[in-house]
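Novice: Heads up: the sequence shown begins at 1 in UniProt numbering, then just goes up one per residue.
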Amino acid sequence: MSKYMYSTANLSDKELKEQGNRLFTLRKYEDAVSCYTKAIIKNPTMPTYFTNRALCHLKMKRWEPSCLDCRRALDMDANLVKGHFFLGQALLEMDNYDEAIKHLQRANDLAREQKLNFGDDIACQLRAARKKRWTVQEEKRLAQEIELQDNNTSELNAIFAKMDDRRRKREVPDFLCGKISFEILREPVITPSGITYERKDIEEHLQRVGHFDPVTRVKLTQDQLIPNFAMKEVVDSFLQDNEWALEY
Numbered sequence: 001m002s003k004y005m006y007s008t009a010n011l012s013d014k015e016l017k018e019q020g021n022r023l024f025t026l027r028k029y030e031d032a033v034s035c036y037t038k039a040i041i042k043n044p045t046m047p048t049y050f051t052n053r054a055l056c057h058l059k060m061k062r063w064e065p066s067c068l069d070c071r072r073a074l075d076m077d078a079n080l081v082k083g084h085f086f087l088g089q090a091l092l093e094m095d096n097y098d099e100a101i102k103h104l105q106r107a108n109d110l111a112r113e114q115k116l117n118f119g120d121d122i123a124c125q126l127r128a129a130r131k132k133r134w135t136v137q138e139e140k141r142l143a144q145e146i147e148l149q150d151n152n153t154s155e156l157n158a159i160f161a162k163m164d165d166r167r168r169k170r171e172v173p174d175f176l177c178g179k180i181s182f183e184i185l186r187e188p189v190i191t192p193s194g195i196t197y198e199r200k201d202i203e204e205h206l207q208r209v210g211h212f213d214p215v216t217r218v219k220l221t222q223d224q225l226i227p228n229f230a231m232k233e234v235v236d237s238f239l240q241d242n243e244w245a246l247e248y
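(1) Give the single residue among VAL234, CYS124 and GLU113 whose Cα lies nearest to the Cα of VAL209.
(2) Hey, how far is the Cα of PRO188 from the Cα of ASP223?
(3) Mind pulling the alpha helix (DSSP H) runs of 4 or more residues that sit fully within the stretch 10 to 57?
(4) Could you give the first and the last residue of the continuous alpha helix (DSSP H) run that contains ILE101?
(5) Taking the alpha helix (DSSP H) that GLU171 falls in, what are its first and last residues?
(6) Give me whichever residues DSSP pairs with VAL189 in a beta bridge.
(7) Hey, how far is the Cα of ILE184 from the Cα of MET231?
(8) With respect to the alpha helix (DSSP H) encompassing ALA90, which residues constitute its N-terminal and C-terminal limits?
(9) When you compare only the Cα positions, how much space is there between MET5 and LYS17?
(10) Would you check if the stretch 114 to 132 and the stretch 201 to 219 touch, i.e. whether three or more CB-CB distances between them fall below 8 Å?
(11) Is it true that the CB of PHE50 sits closer than 8 Å to the CB of ASP69?
(12) If you reduce the DSSP assignment to three classes, tell me which class ILE184 lands in.
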């Protein structure tokens, strides 16, 4: 054995966790899992050890073990942002959209309450989960619609044409949605960084979380917000042609 190699047997749980972190940065996820597991054995009351291991499982596409570790962490600390965030990601990969959205939304809310900055990471996953759930629900509705129709070929052709048209139209582009609430922009404002937000959402962020742009983290104050009239025109035009999006 090299003189630089040493046993982990005598390391404390904190030292094992730190070693796991170093291995994680080197993308040695399996070895990192081993260190976090040993840390958990020494001290099973630290929820962060479980979320660290859960993230390794995510990187290795082990969704079930990742879910299990996240749930164990949340049993100890229900307000652990990473517990909800990683659990939401794993559930999304398992096509459990409702629960994934619940935990991702909780992670997003807690991050804002605790003034933790995850950039657009949580929001991006939440948008993806909502979009996938909407797509699945739409496909189910269309399938039910077909079942209720007569088997007449001409009618089926008309239905399929309608389905294709609906699929083309019933998709709200991401750039029309706010980066904080994920809802269609109603009163868009733009920051000096060039990021567009819903006014009420960014003002709430500045008041509750801090005076910085949540995506770029550049210093930002309320008086720097400028109405984005160009985006407002685009949104209004889209809603005029797609009234269904009013309930999106």
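Note that beta-carbon positions come from the ideal geometry of N, C-alpha and C, so glycine has one too.
Specialist: Short version:
(1) Numbered from its first residue, the sequence shown carries residue 209 at position 209. The candidate whose alpha carbon is nearest that of VAL209 is GLU113.
(2) As a first step, residue 188 must be located in the sequence shown, where it is residue number 188. As a first step, residue 223 must be located in the sequence shown, where it is residue number 223. Roughly 14 Å separates the two Cα atoms.
(3) 13 to 25 and 29 to 42
(4) The count along the sequence shown starts at 1 and reaches residue 101 at position 101. DSSP places ILE101 inside the alpha helix (DSSP H), whose first and last residues are 97 to 113.
(5) Residue 171 sits at position 171 when you count from the first residue of the sequence shown. Where GLU171 is concerned, there is no enclosing alpha helix (DSSP H), given that its DSSP letter is neither H nor E.
(6) Residue numbering aside, residue 189 sits at position 189 when the sequence shown is read from its first letter. VAL189 is bridged to TYR197 and PRO227.
(7) In the sequence shown, counting from the first residue as 1, residue 184 sits at position 184. In the sequence shown, counting from the first residue as 1, residue 231 sits at position 231. The straight-line gap from Cα to Cα measures roughly 11 Å.
(8) Locating residue 90 in the sequence shown gives position 90, counting from the first residue. For ALA90, the enclosing alpha helix (DSSP H) stretches over residues 81 to 93.
(9) Working through the sequence shown from its first residue, we reach residue 5 at position 5. Working through the sequence shown from its first residue, we reach residue 17 at position 17. Note on MET5: pLDDT 39, under 50, position unreliable in the model; the coordinate value appears next. C-alpha separation (whole angstroms): 17 Å.
(10) yes
(11) Here the question's residue 69 lines up with position 69 in the sequence shown. Here the question's residue 50 lines up with position 50 in the sequence shown. Contact: yes.
(12) Translated into the one-based positions of the sequence shown, residue 184 becomes position 184. DSSP places ILE184 in strand when its eight states are reduced to three.
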